[in-house]
Structure formats: structure tokens, C-alpha cells
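Have a look at the structure below, then the notes.
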Amino acid sequence: MSLTTLSEWLRCPICFLPLEAMPPLALGCDDGHRFDVNKHGYVSMLATQPRVAGDTPQMLDARADLLSSGAYDAVAHLITENVLGGRTERVIDAGTGTGHYSAKISSRLSRSARILATDIAADAVRRSVRHIGRERADGLVADTWRPLPIRDGVADAVVNVFAPRNPEEFRRVLKDDGRLVIALPQQDHLIELREALPMLDVPPDKSQRLAEDFSAHFTLEHSATARYRLSVTRDTAVALRTMGPSGHHTAAQGPMVPAALPREVTVAVDVLRFRPNTVRPRTRRSDDQLSSSSSVD
Ligand SMILES: [Zn+2]
Numbered sequence: 002m003s004l005t006t007l008s009e010w011l012r013c014p015i016c017f018l019p020l021e022a023m024p025p026l027a028l029g030c031d032d033g034h035r036f037d038v039n040k041h042g043y044v045s046m047l048a049t050q051p052r053v054a055g056d057t058p059q060m061l062d063a064r065a066d067l068l069s070s071g072a073y074d075a076v077a078h079l080i081t082e083n084v085l086g087g088r089t090e091r092v093i094d095a096g097t098g099t100g101h102y103s104a105k106i107s108s109r110l111s112r113s114a115r116i117l118a119t120d121i122a123a124d125a126v127r128r129s130v131r132h133i134g135r136e137r138a139d140g141l142v143a144d145t146w147r148p149l150p151i152r153d154g155v156a157d158a159v160v161n162v163f164a165p166r167n168p169e170e171f172r173r174v175l176k177d178d179g180r181l182v183i184a185l186p187q188q189d190h191l192i193e194l195r196e197a198l199p200m201l202d203v204p205p206d207k208s209q210r211l212a213e214d215f216s217a218h219f220t221l222e223h224s225a226t227a228r229y230r231l232s233v234t235r236d237t238a239v240a241l242r243t244m245g246p247s248g249h250h251t252a253a254q255g256p257m258v259p260a261a262l263p264r265e266v267t268v269a270v271d272v273l274r275f276r277p278n279t280v281r282p283r284t285r286r287s288d289d290q291l292s293s294s295s296s297v298d
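Going by the working numbering, the first residue of the sequence shown is number 2, and it counts up by one from there.
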């Protein structure tokens, strides 16, 4: 991250004018709005208290451990293959988490490519920028369900892995020939864990409903599924539960681990690639309109 590379992604969240670098550690617009940049390589632009809780450090730790074991490498490979193709110089990772998937993508990009890692949790953005590498990554703390402080048409690709989504804003920040790649669980993803532990259910036909929800701004171009059996230890099983959306509830209830945990679980993740429709939306001022078209895992 440098002030310049960070500023090139961003617009003012208040007046939507482009943000410029203001050394040593700030960004500013022509209207006089100023934002401090963190020395860890990210800027926080949460206007108000977010409506959803971001990942907790406990959830991020669990996810980092699990992902570094290689358990989801096939998922990461499928995501990366869909992001690459054509020109891929600017990638936005919306809901970056630990930065695991972006780090994998980054290793396949040219030296001049950059990734903007966004998340609602500052701890996630800090980890992600470090994981991807500061020479390659810029970080932004922002709420995906609000108008994003990102300029129009800056991205060749937007990646969204098990994270909140905003079709209108994703379209706005993408170039006309860009790609949107979304990973989301199928209904039987980790089904054995759901049967053994209290976890959130995955609704049926999730991918089909998502494509319909996105149809005003995107056309589905390709879909594929990473599906396999994963051997799990007790620790892995607990990590799998803690790292996902059920992790918020786990934290509240404390650990609850029955003796009869599954030894194998089903991994079933859809990876959808969309191309943008021709008309790029402008940011609407009403947050209510945006939230009505937003969705989350
Ligand atoms: Zn401004």
C-alpha cells in the first residue's frame, strides 16, 4: 500500500469526489473532507455503526488455521481460475476475511497488479493486507451494504467469498468488461457438522436465487462447483463451525462440542462468474434502496 495506490481506488464517502493522497498519512477530497490512513496500510470509512457484526478475532483465527491447512485449496483454485482471464490488473476483494483467497489470486497476477481488500472488520482488513503483502494490497474498512467509497469503474474483477453482497455497487465499481466472481455454499455444504452441532442452515437453491437477485446488473456467465469429502479432526470441526456465520453464535454460547463429531464432512461450494450488464448504475442516495437489494450468506 502507498497513499497514492490507496487513493486511486477511492472516492469521498460524503460527497463522492475522488480522494487524493495527502502525505504523510491522510486522504482528502476537494470539498475539504479528510480521512486518516492507518500505518498498517488501510483506511477506515465506516460512516455509522454497521448493521451487521463483522468477524470476530476468534472467527478470523479459526479461519486462518483451517485455510492454511489446505482444506479449501480446491475452492481457492476454482475461484482463482474464474478471476483470471483477460486483463486482471485491479481486483477488489469484497469481504476479504483473512485475505486467504486474495493471496492465492495475487500469486497469479502480474507484478503491477493490485488488490483492494475490503471488510467491515478492521482486524480482517489488517490481516488481509499483511497476508496478501503490502506491496500488492490496499485496505479499506467499509460496509458492503452501503454505498462504497470506491470510484466508478476501477476494477477488472470483484471477488466475493462467503461475504455480504451488493449487486448495484459491485456493478458500479467494475469496468464494463470486468468480472464478478462469487463463492457461496450449497445446501449440503458441511451438512454432517450441521447435523452434529447447532449451526446456521443454508437455504436451498441459493445460487439460482442469487443469479436472479443480480439479474438487473449482471448476467451469469459460468458456474462450477467444488465438491469433495474432507477428513476432519475434532479441532478442524470446531474451526469449521467457528469460522463461518455460525461463529457469532458460538462465541455467545461458548464452546459446545459433542463427543460424536463427524470424521468426514462434505465441502460443496458454488463459484459463479458474472459479466456486467451494459448500464452502470449511479449511487443512489437512499441507503434503504440499497439494502433492499443486498444479500448475505
Ligand atoms: Zn468529500
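All C-beta atoms, glycine included, are put in the ideal place defined by N, C-alpha and C.
Checklist entry - Going along the chain, which unbroken runs of the beta strand (DSSP E) with 3 or more residues stay wholly within the region 40-83? => result 43-45
Next on the checklist: Can you tell me whether Ile151 sits near ligand 1, meaning its C-beta is under 7 Å from at least one heavy atom of the ligand?
Outcome noted: no
Checklist entry - For Ser108, which of helix, strand or coil comes out of DSSP? => result coil
Checklist entry - With respect to 7 Å, is the separation between the Cβ of Leu18 and the closest non-hydrogen atom of ligand 1 below this value? => result yes
Next on the checklist: With a threshold of 7 Å (Cβ to nearest heavy atom), would His190 be considered close to ligand 1?
Outcome noted: no
Next on the checklist: Would the region 108-116 count as touching the region 91-98 if we require 3 or more Cβ pairs under 8 Å?
Outcome noted: yes
Checklist entry - If you draw a straight line from the alpha carbon of Leu181 to that of Ile80, how long is it in whole angstroms? => result 11 Å
Item to check | Those runs of the beta strand (DSSP E) which lie wholly inside the region 150-207 and span at least 3 residues | outcome: 156-162 and 175-186
Next on the checklist: Rounding to the nearest angstrom, what Cα-Cα distance links Gly100 and Asp31 in this structure?
Outcome noted: 32 Å
Checklist entry - For the region 153-161 against the region 128-136, are there 3 or more C-beta pairs whose distance is under 8 Å? => result no
Checklist entry - On the premise that Ala225 lies in contact with Val1, defined as a C-beta separation below 8 Å, what is that separation, rounded to the nearest angstrom? => result Outside the shown range of the chain (2 to 298) lies residue 1, about which nothing can therefore be said.
Item to check | Contacting residues, own chain, Cβ-Cβ under 8 Å from Val130 (five flanking each side not counted) | outcome: Met2, His41, Gly42, Tyr43, Gly100, Ala118, Ala138, Asp139 and Gly140
Checklist entry - When every heavy atom of ligand 1 is checked, does at least one fall within less than 7 Å of the C-beta of Asp32? => result yes
Next on the checklist: Taking the beta carbon of His78 as the centre, do at least 16 other beta carbons fall within 10 Å, making it buried, or is it exposed?
Outcome noted: exposed
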